[in-house]
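Sequences listed follow chains A and B, in order.
So for the first sequence, the working numbering puts the first residue at 1; every next one is plus one.
So for the second sequence, the working numbering puts the first residue at 1001; every next one is plus one.
Notes follow the structure.
2 protein chains.
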Amino acid sequence: MKSIILAGGSGSRLWPLSRDMYPKQLLALDKSESLLQQTFSRLNTIMSASDIITITNVKHYQDIKLQLNKIDSGNIVIAEPQGKNTAPAIACSLEYLRQNSNNDDVVLIAPSDHLIKDIEAFNKSVKEAEILANEGYIVTFGIKPLSPETGFGYIKTDKKLSVGYRVEQFVEKPNYEKANKYSKEEDYYWNSGIFMGKVSVFLDEFKKYVPDIYSNLNLLNFSNSLKIDFGVYEVMPTISVDYAVMEKSDKIALVELQSDWRDLGSWQSLYSVKAKDENGNVTSGKVLTNNVKNSFIYSQKEVVAVSDLEDVVIVETEDAIMACKMDKSQNVKKLYENLKSIQSGTTRLHKTVFRPWGYYTCMNEGDGYLTKTICVLPQQKLSVQSHNYRSEHWVVLEGEALVIKGDKEYHLNPGESIDIPVKEKHSLQNPYDKELKIIEVQQGDYISEEDIIRYQDVYGRV
Amino acid sequence: MKSIILAGGSGSRLWPLSRDMYPKQLLALDKSESLLQQTFSRLNTIMSASDIITITNVKHYQDIKLQLNKIDSGNIVIAEPQGKNTAPAIACSLEYLRQNSNNDDVVLIAPSDHLIKDIEAFNKSVKEAEILANEGYIVTFGIKPLSPETGFGYIKTDKKLSVGYRVEQFVEKPNYEKANKYSKEEDYYWNSGIFMGKVSVFLDEFKKYVPDIYSNLNLLNFSNSLKIDFGVYEVMPTISVDYAVMEKSDKIALVELQSDWRDLGSWQSLYSVKAKDENGNVTSGKVLTNNVKNSFIYSQKEVVAVSDLEDVVIVETEDAIMACKMDKSQNVKKLYENLKSIQSGTTRLHKTVFRPWGYYTCMNEGDGYLTKTICVLPQQKLSVQSHNYRSEHWVVLEGEALVIKGDKEYHLNPGESIDIPVKEKHSLQNPYDKELKIIEVQQGDYISEEDIIRYQDVYGRV
């Protein structure tokens, strides 16, 4: 069996914790592993890392790779040049499998941002679905509705099969009245967004129903690079797999997903899966409450003190604070869109940015300068690089630094500093067993992450 | 006429904007001048700066001086060694006047944290009160109740005088039922906390009703220093002037304060005096709202985005975020007390601290180091100082620095840096017309603002 993980989501609905450059699937929302890592590890219990294809937007490629490499460096990540909803991403991933493995393989297609804890039950449903997939069905995983949810699509089943059911119809997100009706009827299920089928069967359906996508697949060449060519992708329509294939195909079956399942698509849904204190609150970080009930208070860095409020979500990050009513938390997307339209950097990046070698936090920005604290993890090094428009000044705070500057090496201890002039080749390295922390002061007329020329990089970013 | 400004308030009720070290009276809440500066300027319209005595806790002395010097350096500030409520502060200030001016002078005693905009009306009431004060009365300024406020004390008047009334009784903060009754009756007024009387009359009443305070006044010697001796103050009881004198004296009269008047004692009261937008919101700073009503959203530094909330207060400062229900904003004091009990630094200082020469912001703190950005205003200089336990490393970001290090002078431009070893005498100076901004990295086993030895200081802090 193979699988495709869809990891192209944007960062709007859990803003300010999620960002354009750091979407939901990269977040460790309920434990130390991110949703992506949990998804990968779950599939990794029934297949090897090299059988799991993860597809994502090229802008998230580095971070996705970084996270998956921590589990198994044998992972395969395909990069889309732009987001085009699920159908093109799935089609291209299927084409990769067609070129690189057996066309009759069964493939499990799963989003990267669902929370599933009962892996045993999940795997049992996967085994059931596999029977139908081998019979030529495209199998959807349905969830028995727990409530009249209006945020999900519904699937109406038809006659029973050896396992599961034939599918009669897909129903798009209904209004409350309909959702209420569906959730009480036996033959309706929530659409989990998880599918299974043979590579060949999927591709046949793409050929039949979305020739605009299918006809371009033969232009893909994965032998040199897993980054999809912009020109090939550009001409494909932006469309969901539900709309493009699932709602049209007559080969659709359904098995009930017997594990727990949560789409953490809003602060409210995240709140719902967390353990509450005696006042019904979920708190994280430096939070102080007084007469607060049924609320989600999250502090990333600073003190958040709340008094006399109920049913609210308050989230503090280093550069943005969000507060909303719990049952309206889906409107965070509107705040995000508004902030994006006024070009607030808070929609794009976190103040702290993770890199393969560690992380940095922007502290001060002013006329012609930018200061960062940089943490280099033990045994890691930044690329050998130079900048055309800025000088850098480094002061070691903690640990020990090995600095390459031009042809020379310098060893710096806490309190010691060094200047890196414009255009000088340099590298900051930490060949020791302790974290290295430095302050970096960048100065110049043009200060941008783009102003970097890489000469050598252990993480393959040259 | 003389006046005494009571500027000893703590910083709990408008936390996190107010802090223990930066209380309400120092804040510019409605315009560019702080409440203290507004109070001083208001009195300054009818008397000279040297007739206005400001008394405050010694820990606020520097900041009070800094603010008043901006208006008139002829101001007089007396420092209490500790807070002991209003009676000892007033008695000591009266003793200063007894020693330094005419015992028959009339003195106006006013809190430093009230908002009064109509200065003409205020001065008219002051003139009326002066008539009664010269007749030997202690005159309180009463406010015609606008609502059944339970947060103020009430004053019941008796028979009419030439101007104003005799006072029958002081009533402490009533419950709602009583407040409702009082606010509808002709002869009840709110107690504004502003008083007037002859120095000699006040002192006679202290002698009669609070001998514990009065008997120690002759130990005060203001000829060398305006800082009250700890030993003299220590033995005085902690008591309010209302309780100690006003409620007991039979010389009390009342004139109606005809100006506007607000005690900005809570976020709600501050909200009430601000201009609202079409949704009834008061916003300040980088604030974005979506379906928010009748709320006060204040951002000092970062983006604050709020959705689908009503009647809330949300305040963001550099190191603390506070959210509460508007009509429960008096409970912020509880949050403050709780934070204080767990020794949260956010109750004490702001991350940005103002000094006579400019300000600094703490950025990062870690094992053995602390980093600050420091801004030195044009033509200002820090004291010549040394540190026993820490070295400092300075990097110029903007402007130009004159650094005294040992016997030598150094001129540093943006991007240039210098090391100040432990125990080395040094001074950071900005003799230019542009702001100087630097990054300071402090390093050492013991890092504290206490570790400073001052040799020369243009602000008299040696």
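Built from N, CA and C at the ideal position, the CB exists for glycine as well.
Residue interval of the alpha helix (DSSP H) (run including residue i)
{"i": "F1152/B", "result": "No alpha helix (DSSP H) contains F1152/B, which DSSP labels as neither H nor E."}
{"i": "D1030/B", "result": "Unbroken run through D1030/B: none, as it is neither H nor E."}
{"i": "I1046/B", "result": "Run containing I1046/B: none; DSSP gives neither H nor E here."}
{"i": "K1208/B", "result": "1199-1209"}
{"i": "Y1176/B", "result": "1176-1184"}
{"i": "E400/A", "result": "Where E400/A is concerned, there is no enclosing alpha helix (DSSP H), given that its DSSP letter is neither H nor E."}
{"i": "S386/A", "result": "Unbroken run through S386/A is the beta strand (DSSP E), 384-386; no alpha helix (DSSP H)."}
{"i": "V1232/B", "result": "1230-1234"}
Reference residue i; option with closest CA among the options
{"i": "T371/A", "options": "K408/A, K351/A, V303/A, M322/A", "result": "K351/A"}
{"i": "H1426/B", "options": "K1405/B, L1412/B, E1435/B", "result": "K1405/B"}
{"i": "E149/A", "options": "R348/A, K173/A, M21/A, Q343/A", "result": "K173/A"}
{"i": "N1218/B", "options": "L1146/B, L1097/B, Y1271/B, S1329/B", "result": "L1097/B"}
{"i": "E1365/B", "options": "G1444/B, M1047/B, E1256/B", "result": "G1444/B"}
{"i": "K434/A", "options": "V422/A, K381/A, S417/A", "result": "K381/A"}
{"i": "G399/A", "options": "I64/A, K70/A, A28/A, N430/A", "result": "N430/A"}
{"i": "K24/A", "options": "A179/A, D451/A, P111/A", "result": "P111/A"}
{"i": "K208/A", "options": "I116/A, S41/A, T289/A, E247/A", "result": "E247/A"}
{"i": "I71/A", "options": "E95/A, L36/A, Y61/A, A89/A", "result": "L36/A"}
{"i": "K1124/B", "options": "E1256/B, V1210/B, L1220/B", "result": "E1256/B"}
{"i": "K1178/B", "options": "F1195/B, G1197/B, G1151/B", "result": "G1151/B"}
{"i": "F195/A", "options": "L17/A, E128/A, E424/A, D158/A", "result": "E128/A"}
{"i": "V332/A", "options": "M363/A, G11/A, K2/A", "result": "G11/A"}
{"i": "A1244/B", "options": "A1275/B, W1357/B, S1162/B, F1206/B", "result": "F1206/B"}
Supposed close pair residue i, residue j - CB separation, criterion 8 angstroms
{"i": "L1108/B", "j": "V1167/B", "result": "Incorrect: roughly 17 angstroms between the Cβ atoms, too far for contact."}
{"i": "G265/A", "j": "R13/A", "result": "6 angstroms"}
{"i": "Q1456/B", "j": "S1383/B", "result": "6 angstroms"}
{"i": "K1301/B", "j": "E1316/B", "result": "7 angstroms"}
{"i": "V126/A", "j": "I46/A", "result": "7 angstroms"}
{"i": "A1401/B", "j": "V1241/B", "result": "With 8 angstroms as the limit, A1401/B and V1241/B do not qualify as a contact, their Cβ atoms being about 49 angstroms apart."}
{"i": "S147/A", "j": "S192/A", "result": "Actually they do not touch by this definition, with Cβ atoms about 15 angstroms apart."}
{"i": "V199/A", "j": "N103/A", "result": "5 angstroms"}
{"i": "K1084/B", "j": "T1238/B", "result": "4 angstroms"}
{"i": "S307/A", "j": "N291/A", "result": "6 angstroms"}
{"i": "D1419/B", "j": "H1393/B", "result": "5 angstroms"}
{"i": "T346/A", "j": "L335/A", "result": "The pair is not a contact, with the Cβ atoms about 10 angstroms apart (cut-off 8 angstroms)."}
{"i": "K437/A", "j": "C375/A", "result": "5 angstroms"}
{"i": "A1049/B", "j": "S1259/B", "result": "In fact, because the Cβ distance is near 22 angstroms, the residues do not count as touching under 8 angstroms."}
Extent of the continuous beta strand (DSSP E) to which residue i belongs
{"i": "Q1268/B", "result": "Premise fails: Q1268/B lies in the alpha helix (DSSP H), 1267-1273, not in any beta strand (DSSP E)."}
{"i": "F1170/B", "result": "1165-1171"}
{"i": "F1354/B", "result": "1352-1355"}
{"i": "I52/A", "result": "52-57"}
{"i": "I64/A", "result": "No beta strand (DSSP E) holds I64/A; the alpha helix (DSSP H) holding it covers 61-69."}
{"i": "E1256/B", "result": "1252-1256"}
{"i": "N338/A", "result": "Segment 332-341 is the alpha helix (DSSP H) holding N338/A; no beta strand (DSSP E) there."}
{"i": "I1420/B", "result": "1417-1420"}
{"i": "L412/A", "result": "408-412"}
{"i": "N290/A", "result": "287-290"}
{"i": "A1323/B", "result": "1320-1325"}
{"i": "A305/A", "result": "303-307"}
{"i": "M363/A", "result": "358-366"}
Beta-carbon gap between residue i and residue j smaller than 8 angstroms
{"i": "E1033/B", "j": "N1057/B", "result": "no"}
{"i": "Y298/A", "j": "G280/A", "result": "no"}
{"i": "S1093/B", "j": "I1053/B", "result": "yes"}
{"i": "A1320/B", "j": "A305/A", "result": "yes"}
{"i": "V201/A", "j": "I138/A", "result": "yes"}
{"i": "R390/A", "j": "D451/A", "result": "yes"}
{"i": "V1441/B", "j": "I439/A", "result": "yes"}
{"i": "Y176/A", "j": "Q82/A", "result": "no"}
{"i": "L397/A", "j": "Y1369/B", "result": "yes"}
{"i": "W267/A", "j": "S329/A", "result": "yes"}
{"i": "A1091/B", "j": "I1055/B", "result": "no"}
Interface flag, residue i vs chain D, CB-CB below 8 angstroms
{"i": "M1322/B", "result": "Of the protein chains in this structure, namely A and B, none is chain D."}
Alpha helix (DSSP H) runs wholly inside the segment 74-153 of chain A, at least 4 long, in chain order: 86-100, 119-134
Residue ranges of each beta strand (DSSP E) within the segment 424-456 of chain A, 3 or longer: 426-430, 436-443, 453-456
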